[in-house]
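Presented below is the structure to which this report refers.
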Amino acid sequence: MWAGSFYCAYRSTDQLTGCYSEQGRVVHDHRRGLIATAGALALEELGSNVTVVTRAPPPLGGDSIEWTYGDVASQAAVHAVERAESVIYAAGTLGPATKLETVHSGISDEIVPVLKLAEQAAGSGCKTFVFISSGGTVYGPNVPLPTHEDVRTAPINIYGTIKVLTELALLEVGRKYGISIVILRVSNPYGPGQSGTRRMGFIAAAAKAAMAGEPIVIWGDGSTTRDFIFIDDVGRALALAAGYRGNSVILNIGSGEGHSLLQICKIVSSNSPAR
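Start counting the sequence shown at 0; every next residue gets the next number (numbering that gives the first Met the number 0).
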């Protein structure tokens, strides 16, 4: 379902296409989430030397990937960054449904670690730092699809706010140290490996309910429209971004099309076995 090419909104994919160096070493710092795993596997397919710093056990596949246990503040991360030409940051403790007790905890736990890693990368001669942001939460409701990167940000929750603040701070790191900052505002990914909980992916949750013969629950009338993108396309975007060597850039990564929740339910139901 919609497993096609991704788009970068109005800023053409030409900014990324063809810029990848197969000889480069890429450090991937993440918690083995859907996006991060797809990126690591896509990089492996391109022949990159990939080191993954993670707090989770490695997934199936990725036999040539170097898996290292640790988090962003660990010596493992510091050592890996020192050898890297590119760093992809896909870690974090927040999700779109997260509610924080205080805003400052989000800043100290989410933004500060990213900035420290980016500065370490720049100081070690790293050429590109890729940050996974959120196209689904930074622009606010009722934005046109496809969405232009120049649309004013209006975060719909604390998760989106933290993402925007991190973006701004990273761009300053890029200006100060001369490292290429690539910010990817990913829309709503779906695909194999998604958990199937309503908090972490509507398509997976709808498919899980349909396969179990349970009703698909929707809040509201189902008219909410989102841009859904197949996870393999997101992985390809990350792999291309790792090889980017130009001026810092913000790119929207999505399918370029909107589908309502009700449309998703109809598609899932029509492709589910009869019970």
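Ideal Cβ placement from N, Cα and C applies to all residues, glycine included.
Beta-carbon proximity of residue i to residue j, cut-off 8 Å
i	j	result
VAL172	ALA121	yes
ARG225	ASN187	yes
ILE230	ILE131	no
LEU183	GLU256	no
LYS126	SER179	yes
VAL129	SER85	yes
GLY139	ALA117	no
SER123	VAL80	yes
GLY134	ILE87	no
ILE252	ILE228	yes
LEU169	VAL113	yes
THR344	ALA75	The structure shown has nothing for residue 344, since the chain only spans 0 to 274.
Inter-residue CB distance, residue i and residue j (contact presumed, cutoff 8 Å)
i	j	result
ALA238	ALA41	4 Å
TYR158	PRO95	5 Å
TYR189	ALA203	6 Å
GLU109	THR160	10 Å between Cβ atoms; not a contact.
THR136	LYS162	7 Å
GLY328	LEU261	Residue 328 lies beyond the residue range present for the chain, which begins at 0 and ends at 274; the question has no answer from this structure.
VAL77	ALA90	Not really, about 14 Å apart at Cβ, beyond 8 Å.
CB contact check: residue i to chain B, cutoff 8 Å
i	result
ALA35	In the structure shown, chain B cannot be found, because there is only a single protein chain.
Residue i classed as buried or exposed, judged by whether at least 16 other C-beta atoms fall within 10 angstroms
i	result
CYS264	buried
GLY32	buried
PRO191	exposed
ASP232	buried
THR36	buried
CYS258	The amino acid at residue 258 is misidentified as Cys; the sequence shows His. The residue is buried, with at least 16 neighbouring Cβ atoms inside 10 Å.
GLU44	exposed
ARG235	buried
SER268	exposed
VAL102	exposed
VAL51	buried
GLU21	Confidence in GLU21 is poor, its pLDDT being 37 and thus under 50, which makes the residue's placement unreliable; the coordinate value appears in the next sentence. Exposed.
SER63	exposed
SER104	exposed
SER254	buried
TYR243	buried
ALA247	Note that residue 247 is Ser in the sequence shown here, rather than Ala. Buried, because 16 or more other Cβ atoms sit within 10 Å of the Cβ of SER247.
THR92	exposed
GLY200	buried
DSSP three-state assignment for residue i, whether helix, strand or coil
i	result
GLU65	strand
ILE230	helix
HIS78	helix
ILE157	helix
VAL49	strand
GLY134	coil
GLY253	strand
VAL129	strand
SER179	strand
VAL150	coil
ILE142	For the record, residue 142 in the displayed sequence is Val; it is not Ile. The answer is coil: DSSP assigns VAL142 none of H, G, I, E or B.
VAL163	helix
VAL248	strand
SER269	helix
| message | Runs of 4 residues minimum, wholly inside the segment 87–117: which ones carry the alpha helix (DSSP H) assignment? | response | 102–105
| task | Starting from the N-terminal side, write out each stretch of the beta strand (DSSP E) that is 3 residues or longer and does not extend beyond the segment 181–227. | result | 187–189
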